[in-house]
Amino acid sequence: MKRRWLIVALGAAVLITFEARPAYAMHIMEGFLPPLWALVWFAVMIPFWVIGFRQLQRVVREKPEVRLLLGFAAAFTFVLSALKLPSVTGSSSHPTGTGLGAILFGPWVMSVLGSIVLLFQALLIAHGGLTTLGANAFSMAVVGPFVAWLIWRGLAGRAPFWLVVFLAAALADLSTYVVTSLQLALAFPDPAGGILAAFAKFGAIFAVTQIPLAISEGILTVLIMNALQTNAAAELQALEIKGVRA
Numbered sequence: 002m003k004r005r006w007l008i009v010a011l012g013a014a015v016l017i018t019f020e021a022r023p024a025y026a027m028h029i030m031e032g033f034l035p036p037l038w039a040l041v042w043f044a045v046m047i048p049f050w051v052i053g054f055r056q057l058q059r060v061v062r063e064k065p066e067v068r069l070l071l072g073f074a075a076a077f078t079f080v081l082s083a084l085k086l087p088s089v090t091g092s093s094s095h096p097t098g099t100g101l102g103a104i105l106f107g108p109w110v111m112s113v114l115g116s117i118v119l120l121f122q123a124l125l126i127a128h129g130g131l132t133t134l135g136a137n138a139f140s141m142a143v144v145g146p147f148v149a150w151l152i153w154r155g156l157a158g159r160a161p162f163w164l165v166v167f168l169a170a171a172l173a174d175l176s177t178y179v180v181t182s183l184q185l186a187l188a189f190p191d192p193a194g195g196i197l198a199a200f201a202k203f204g205a206i207f208a209v210t211q212i213p214l215a216i217s218e219g220i221l222t223v224l225i226m227n228a229l230q231t232n233a234a235a236e237l238q239a240l241e242i243k244g245v246r247a
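The opening position of the sequence shown corresponds to residue 2 in this note's numbering, with each subsequent residue numbered one higher.
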């Protein structure tokens, strides 16, 4: 039963891989950012990758029974973040799927898992790009997971389980696009209003599709967490997830 979750997620990922069309590039597309900004975001990501790999190795070493759950979290992120809706020229709106992994394994591990997902999407289905990997990883694999983790740590045990999971996943999704809007505004400031005007413009356009997507992702993540409580209770207890039914 436990393996069915990973098989379903990976199967959906394969279908998306073959059916996705590159009419609108996923995340910030290849070559869209000026070289300087591409390098800046790569430099920003280096400490997150270093610490994240160490945290990931520790999880696998100390809790080998959760390796399947690690694979599921990565597959869940891959599938959800590959569901795209065209939004801004050179980018697109989509769920992120990082809230689930942040709840289960923390933001540092998700900085690695999310970056691996982005790398494979760039290589396999032309979503995002290698030059923009640093920028996309910072918004989706760092900011989103840290927001989800902070909400989880702050509210778990103090509010209903379903509500905390929903808020963590939904706000992780929204925060990713706030940062993406800022990244685009920094690279392409408005000629008249500067960075703030460009940020408002990008954010407003993203919000049209991203708010309903974030709500949908929050609901889906609640359903997945409830299912995991039934099918992976031992793994959740090993990870010391608060609110899990004994």
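Backbone N, C-alpha and C define an ideal beta-carbon position, used for all residues, glycine too.
Give me, in chain order, the residues of the same chain whose beta-carbon lies closer than 8 Å to that of residue 29; leave out the 5 immediate sequence neighbours on both sides.
91, 92, 129, 130, 133, 136, 137, 181, 184 and 185.
Let's see if you can read the secondary structure: which residues bound the alpha helix (DSSP H) around residue 77?
Residue 77: member of the alpha helix (DSSP H) spanning 68-82, first to last residue.
Would you identify the three-state DSSP class for residue 39, choosing helix, strand or coil?
Here residue 39 sits in helix by DSSP.
Between the CA atoms of residue 190 and residue 240 - distance to the nearest angstrom:
The straight-line gap separating the alpha-carbon atoms of residue 240 and residue 190 is approximately 43 Å.
For residue 111, which of 125, 145 and 123 has the nearest alpha-carbon?
Taking the Cα of residue 111 as reference, the smallest distance to any Cα among 125, 145 and 123 is reached at 145.
Report the partner residues of residue 157 according to the DSSP bridge assignment.
Residue pairing of residue 157 in beta bridges, as defined by DSSP: 160.
Residue from 98, 233, 209 and 167 whose Cα sits closest to the Cα of residue 220
Answer by Cα proximity: 167.
When the Cα atoms are used, what is the spatial distance from residue 41 to residue 123?
Residue 41 and residue 123 have their C-alpha atoms roughly 19 Å apart.
By the 10 Å Cβ neighbour count, where 16 or more other Cβ atoms means buried, how is residue 209 classified, buried or exposed?
By the neighbour-count criterion, in which 16 or more other beta carbons inside 10 Å mark a residue as buried, residue 209 falls on the exposed side.
Considering only residues of the segment 187-235, which uninterrupted beta strand (DSSP E) runs meet the minimum length of 3 residues and lie entirely inside it, listed in chain order?
You should have found no qualifying run.
Hey, which unbroken runs of the alpha helix (DSSP H) at 4 residues or more fall wholly within the segment 96-120?
Scanning the segment 96-120 for uninterrupted alpha helix (DSSP H) segments of 4 residues or longer gives 99-106, listed from N- to C-terminal end.
Between the beta-carbon of residue 100 and the beta-carbon of residue 169, is there less than 7 Å?
Their beta carbons are under 7 Å apart, which means residue 100 touches residue 169 by this criterion.
Endpoints, the alpha helix (DSSP H) within which residue 135 is located
Looking at the DSSP string, the run of the alpha helix (DSSP H) that includes residue 135 is 134-138.
Beta-carbon proximity check, residue 148 vs residue 156, cutoff 7 Å:
Taking C-beta atoms as the reference points, residue 148 and residue 156 fail to come closer than 7 Å.
Can the beta-carbon of residue 98 be found closer than 7 Å to that of residue 82?
Taking 7 Å as the Cβ cut-off, residue 98 and residue 82 qualify as a contacting pair.
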